[in-house]
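Its first residue numbered 314, the sequence shown is counted upward by one per residue in my numbering. Backbone N, C-alpha and C define an ideal beta-carbon position, used for all residues, glycine too. One structure is given below, encoded as structure tokens.
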Amino acid sequence: MSFIKIIIMTKLSVNINKIATIRNARGGDIPNVVQAAINCEKFGAQGITVHPRPDQRHITYKDVVDLKKVVTTEFNIEGYPCDEFMKLVLDIKPHQVTLVPDPPEALTSSAGWDTIREKEYLQTIISQFKAAGIRTSIFVEGDVEMVRNAKDTGADRIEFYTKPYVDDYENDREKAIAPFVEAAIVANEVGLGINAGHDLNLVNLKFFAERIPNLAEVSIGHALISDALYMGLETTIGKYLDLLK
Ligand code: PXP
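Here it is in structure tokens:
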């Protein structure tokens with residue numbers, strides 16, 4: 314009997330929210346968010362991620378419209394599915410929408426969906442994106458039950474909330490990765506694609522990507538944009554891509 318092993322290359326999607334945060338500190342258009350996205354793609358990023366919030370404190374709804382015109386790789390919009398967000402995403406029709414459970418005023422995403430308690434709600438939301446032909450991903454923790462139930466929501470993918478892995482990485486990386494590997498095996502079994510993000514960086518990314526079977530995509534913002542301040546965007550993106558090879 315012969316087996317065919319399919320090797321998935323993990324894509325790097327750069328979250329450019331931080332570029333907008335710096336711009337918004339002064340108003341005006343420096344640094345330019347659209348140019349940053351174009352540069353990320355030029356330097357090899359395979360996707361651009363944005364997380365518009367209703368108060369538009371970093372990425373604005375206008376940015377999302379402008380970015381849609383220039384992004385040639387995968388455009389991923391993440392956020393909490395409030396009415397304004399739903400309308401924006403359904404108008405823009407990105408390649409992927411990533412749903413996060415954090416309330417609009419939250420500083421950053423800090424938990425995954427409870428896919429048991431919120432199953433019907435997610436089914437209702439996800440069916441609207443599916444009808445518009447938009448791939449859906451939902452943010453979940455590295456938890457077997459949350460992943461198993463994610464399948465019933467109709468989502469195409471899950472995105473692992475990786476902060477708990479990152480927090481424990483220095484202490485005991487085997488222990489830190491274990492629940493994510495178990496949950497990833499279930500995702501593979503039930504046919505859910507796997508994305509991951511939050512606090513990934515040049516130190517902890519490689520081990521995560523090596524251990525998670527069929528990791529389709531990582532979205533990285535804070536650390537990558539910070540690294541770019543020291544090393545420049547081109548060198549930084551090159552270093553992240555090297556870790557995903
Ligand atoms: N994924 C989700 C759902 C997020 O909310 C964020 C932060 O905006 C990220 C990934 C990226 O996290 P970080 O900025 O720490 O790389």
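- Cβ-Cβ distances below 7 Å link A350 to I329, I361, L380, V383 and V384 in the same chain, with the five nearest sequence neighbours on each side left out; the list follows chain order.
- Burial is judged here by how many other beta carbons sit within 10 angstroms of a residue's own beta carbon; K324 has at least 16 and is buried.
- Annotation for N517 indicates a beta carbon at 6 Å or more from all heavy atoms of ligand 1.
- Counting only residues of its own chain and dropping the five nearest sequence neighbours on each side, L401 has a CB closer than 7 Å to the CB of P365, Y374 and V377.
- With contacts defined by Cβ atoms closer than 7 Å, G510 and S539 do not form a contacting pair.
- If only complete runs of 3 or more residues are kept, the region 324-390 shows the beta strand (DSSP E) at 324-328 and 360-363, in order along the chain.
- With respect to S422, V410 sits apart: the two C-beta atoms are not nearer than 7 Å.
- Under a 10 Å Cβ-count criterion, T549 is classified as buried, with 16 or more other Cβ atoms of the shown protein chains found around its own Cβ.
- For D481, the distance from the CB to the nearest heavy atom of ligand 1 is not below 6 Å.
- Under the rule that a run must span 4 or more residues, the alpha helix (DSSP H) segments found entirely inside the region 425-459 read 432-444.
- Residues G392 of the same chain have their beta carbon placed closer than 6 Å to that of F398, with the five preceding and five following residues left out of the count.
- Taking 6 Å as the cut-off, one finds at least one heavy atom of ligand 1 near enough to the beta carbon of D512.
- Excluding the 5 residues flanking it on each side, A536 has same chain C-beta neighbours closer than 8 Å at D512, L513, N514 and L515, in chain order.
- Cβ contact annotation for Y482 (same chain, cutoff 6 Å, sequence separation greater than five): A489 and N517, in chain order.
- Under the criterion of beta carbons closer than 8 Å, R470 and S440 do not qualify as touching, at roughly 16 Å.
- Just so you know, the alpha carbons of Y474 and G341 end up roughly 33 Å apart.
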